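Data first, discussion second: the structure below is written as structure tokens.
There are 2 protein chains.
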Amino acid sequence: MKFVKIPSIVITRLSTYARNLKILEQKGVDVVSSVRLADICGTNPAQIRKDLAYFGQFGVKGVGYYVKELLFEIGKILGLDKEWRLGLVGVGNLGLALLRHTHFMNHGYTFVAAFDEKPERIDIRIGDIEVAPLEAINRLVKEKGVEIGVIAIKPVWAQKAADMLVMAGVCGIVNFAPIQLQCATHVFIENVDFSLKLDILCYRLTSARSRQRR
Amino acid sequence: MKFVKIPSIVITRLSTYARNLKILEQKGVDVVSSVRLADICGTNPAQIRKDLAYFGQFGVKGVGYYVKELLFEIGKILGLDKEWRLGLVGVGNLGLALLRHTHFMNHGYTFVAAFDEKPERIDIRIGDIEVAPLEAINRLVKEKGVEIGVIAIKPVWAQKAADMLVMAGVCGIVNFAPIQLQCATHVFIENVDFSLKLDILCYRLTSARSRQRR
DNA sequence: TAAAAATTGTAAAAAAGGTAACAAAAAAAG
DNA sequence: CTTTTTTTGTTACCTTTTTTACAATTTTTA
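Going line by line, the protein sequences match chains L and C.
Here my numbering is used: the first residue of the first sequence is 1, the next is one more, and so on.
Here my numbering is used: the first residue of the second sequence is 1, the next is one more, and so on.
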């Protein structure tokens with residue numbers, strides 16, 4: 001097997017392809033060309049073909065890609081062909097929004113544990129899940145087989161939460177707190193950052209306006 | 001003035017620099033070198049210097065950067081030296097989380113209007129804001145001077161919401177719905193997408209595991 | 001005061017990523 | 001059956017982004 005380092009952005013795009021292929025599948029579309037898919041995904045056909053080429057050959061020349069087949073293959077590449085167990089740290093407004101978000105459950109992700117630092121939130125139930133104190137992270141992560149931690153707690157607690165998750169064996173973290181988590185190198189961290197996006201918009205709007213004035 | 005197109009990723013990093021400079025400022029740090037800042041931000045010193053070079057010279061050779069000064073300058077570049085007025089579409093769990101999130105208010109962003117499609121949510125008050133029906137978007141955006149729209153409504157309604165916001169004069173949208181919004185080219189869209197981040201983590205975890213097995 | 005150390009700004013080199021072009025293969029048309 | 005059309009996979013090229021290297025400047029040390 002060749003050792004080609006696959007750029008992160010390729011993975012991002014594969015996820016987008018998968019999402020749009022799912023929609024096509026639901027619409028009953030059997031075959032799609034790279035041109036059509038690129039159009040839907042807002043990219044260009046060569047990019048799609050090249051992205052897929054990192055992993056193999058999934059299309060038929062002169063025909064295109066079979067939607068179901070490509071979806072299956074991309075799912076296999078991304079590792080979406082299994083259930084992933086999530087543990088939530090922080091059951092505030094955002095945490096609750098995530099827990100109640102059915103979209104994830106429909107896509108192979110299930111919250112199996114939830115933690116909070118506020119005493120008044122401990123022991124409340126949300127669906128099948130009972131909120132536990134941070135101190136229970138180590139035990140429950142192992143007990144429930146949490147694979148991915150979702151940090152939606154106040155920034156001051158975020159690093160502590162990350163440390164406890166990692167200590168308990170979690171190797172993947174989605175971090176909603178607006179801080180830079182410091183973790184061992186074997187831990188994968190993805191940040192979801194709303195204010196960053198707002199800042200980008202501000203820049204664009206500001207520079208667009210100053211361009212207009214000129 | 002030169003016309004240098006500034007890469008989007010540079011803006012993203014500037015926002016990160018600003019965030020970490022704020023923390024340094026609070027800690028009472030006066031001067032910081034590109035080496036130290038890079039270390040904090042998880043990037044490399046040359047990158048910081050080059051990013052800043054797009055916009056001018058903000059440091060002192062042999063000394064470093066004055067924290068307050070650099071923070072002020074980056075703020076000016078990003079357009080954070082004014083209050084930005086946000087309009088929220090979708091007052092579900094996520095929308096509420098965003099509204100109640102005080103972090104934004106501390107950083108120049110204020111929600112001034114909120115909309116929802118569900119009749120039972122109309123007219124409820126959250127803080128100073130009264131939830132209005134989608135049909136009121138056009139009027140209220142103009143009345144309250146909404147500059148940025150935040151879409152946190154179900155995917156099926158997201159495109160409609162975007163269209164109404166744009167029609168009312170909004171030129172920047174932060175989209176939390178997991179769909180590709182189609183808008184006029186003068187409208188800037190930033191997507192915040194957790195499932196995308198989850199997918200990336202899954203890929204990383206999956207490929208790390210298969211590497212271990214080898 | 002002179003030499004050494006620290007640190008920026010920037011030019012040049014290297015690496016990465018994206019685009020275009022085209023051979024190969026399949027399907028459709030004539 | 002042959003030609004034309006469609007479309008993938010892949011190579012080569014081009015563009016963008018990152019990293020390296022170093023002159024210029026300031027501060028610190030001797």
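Cβ coordinates follow ideal geometry from the N, Cα and C atoms, glycine included.
Fair warning: this is a prediction, and the values are worked out from it, not measured in the lab.
Does residue 2 of chain C come out as helix, strand or coil in the three-state DSSP assignment? For the purposes of this step, residue 2 of chain C is taken as residue 2 along the second sequence, with counting starting at 1. Per-residue confidence for residue 2 of chain C stands at a pLDDT of 46, beneath the threshold of 50, marking its modelled position as unreliable; the derived number appears in the next sentence. The answer is coil: DSSP assigns residue 2 of chain C none of H, G, I, E or B.
Mapping the DSSP letters down to three states, classify residue 192 of chain C as helix, strand or coil. Counted from its first residue, the second sequence places residue 192 of chain C at position 192. Coil at residue 192 of chain C, not helix or strand.
Go to residue 17 of chain C, then tell me how far its beta strand (DSSP E) extends in each direction, as first and last residue. Sequence index remark: in the second sequence, residue 17 of chain C carries index 17 (1-based). Unbroken run through residue 17 of chain C is the alpha helix (DSSP H), 8-26; no beta strand (DSSP E).
Against residue 206 of chain C, what residues of chain L qualify as contacts under a CB-to-CB distance less than 8 Å, listed in chain order? Residue mapping note: residue 206 of chain C aligns to position 206 of the second sequence, counting from 1. 78 and 79, listed in chain order.
Reference residue 185 of chain L, options L:194, L:178, L:6 and L:166, closest by Cα: Within the first sequence, numbered from 1, the residue matching residue 185 of chain L stands at position 185. When each option's Cα is compared against that of residue 185 of chain L, the closest is L:166.
Just list the beta strand (DSSP E) runs in the region 45-91 of chain L, keeping only unbroken ones of 3 residues or longer that don't cross its boundaries, in chain order. 84-89
Starting from the C-beta of residue 142 of chain L, find all residues in its chain whose C-beta is less than 8 Å away, skip the five residues before and the five after it, and write them out in chain order. If you number the first sequence from 1, residue 142 of chain L lands on position 142. If we look at residue 142 of chain L and ignore the five residues flanking it on each side, its Cβ neighbours are 168 and 169.
For residue 144 of chain L, decide whether its Cβ has a neighbour in chain C, counting only Cβ atoms nearer than 8 Å. Residue 144 of chain L sits at position 144 when you count from the first residue of the first sequence. With 8 Å as the cut-off, residue 144 of chain L does not count as an interface residue toward chain C.
Is the beta carbon of residue 20 of chain C less than 8 Å from the beta carbon of residue 48 of chain C? The residue labelled residue 20 of chain C in the question sits at position 20 within the second sequence. The residue labelled residue 48 of chain C in the question sits at position 48 within the second sequence. For residue 20 of chain C and residue 48 of chain C, no; Cβs fall outside 8 Å.
If you measure from the beta carbon of residue 185 of chain L to each beta carbon in chain C, is any gap under 8 Å? Counting from one through the first sequence, the residue named residue 185 of chain L turns up at place 185. No, its Cβ sits nowhere closer than 8 Å to a Cβ of chain C.
Is it true that the CB of residue 152 of chain L sits closer than 8 Å to the CB of residue 92 of chain L? As a position in the first sequence, residue 92 of chain L is number 92, starting the count at 1. As a position in the first sequence, residue 152 of chain L is number 152, starting the count at 1. Going by C-beta atoms, residue 92 of chain L is nearer than 8 Å to residue 152 of chain L.
Within 10 angstroms of the Cβ of residue 2 of chain L, are there 16 or more other Cβ atoms? Answer buried if so, exposed if not. Translated into the one-based positions of the first sequence, residue 2 of chain L becomes position 2. Low confidence applies to residue 2 of chain L: its pLDDT is 47, below 50, so where it sits in the model is not reliable, and the reading given next is rough at best. Exposed.
Starting from the beta carbon of residue 94 of chain L, find every residue of chain C whose beta carbon is closer than 7 Å, and list them in chain order. Position 94 of the first sequence, counted from the start, is the residue given in the question as residue 94 of chain L. Per Cβ cutoff of 7 Å: 97.
For residue 2 of chain L, would you say it is in contact with chain C, using Cβ-to-Cβ distances shorter than 8 Å as the test? Residue mapping note: residue 2 of chain L aligns to position 2 of the first sequence, counting from 1. Because residue 2 of chain L sits at a pLDDT of 47, beneath the cut-off of 50, its placement in the model cannot be relied upon, and the following sentence gives the value as read from the coordinates. Taking Cβ atoms only, chain C never reaches closer than 8 Å to residue 2 of chain L, which makes this a no.
How about residue 156 of chain L: is its C-beta nearer than 8 Å to some C-beta of chain C? Against the first sequence, residue 156 of chain L aligns to sequence position 156. Cβ-Cβ to chain C under 8 Å: no for residue 156 of chain L.
Can you tell me whether DSSP reads residue 177 of chain C as helix, strand or coil? Within the second sequence, residue 177 of chain C is the residue found at index 177, counting from 1. Reduced to three states, the DSSP call for residue 177 of chain C is coil.
Do you know how far the Cα of residue 62 of chain L is from the Cα of residue 150 of chain C? Walking along the second sequence from the start, residue 150 of chain C turns up at place 150. Walking along the first sequence from the start, residue 62 of chain L turns up at place 62. Rounded to whole angstroms, residue 150 of chain C to residue 62 of chain L spans 42 Å at the Cα level.
Neighbouring residues, chain C, relative to residue 124 of chain L (Cβ below 7 Å): Within the first sequence, residue 124 of chain L is the residue found at index 124, counting from 1. In chain order: nothing, as chain C lies at least about 15 Å away.
For the region 125-137 of chain C, enumerate the residues whose C-beta is nearer than 9 Å to any C-beta of chain L, in chain order. none
Leaving out five residues on either side along the sequence, give the residues of the same chain with a beta carbon under 8 Å from the beta carbon of residue 10 of chain L. For the purposes of this step, residue 10 of chain L is identified with residue 10 of the first sequence, where counting begins at 1. The answer, listed in chain order, is 51 and 54.
For residue 37 of chain L and residue 68 of chain L, I'd like the C-alpha separation in whole angstroms. As a working mapping, residue 37 of chain L is identified with position 37 in the first sequence. As a working mapping, residue 68 of chain L is identified with position 68 in the first sequence. Going by the C-alpha atoms only, they are around 14 Å apart.
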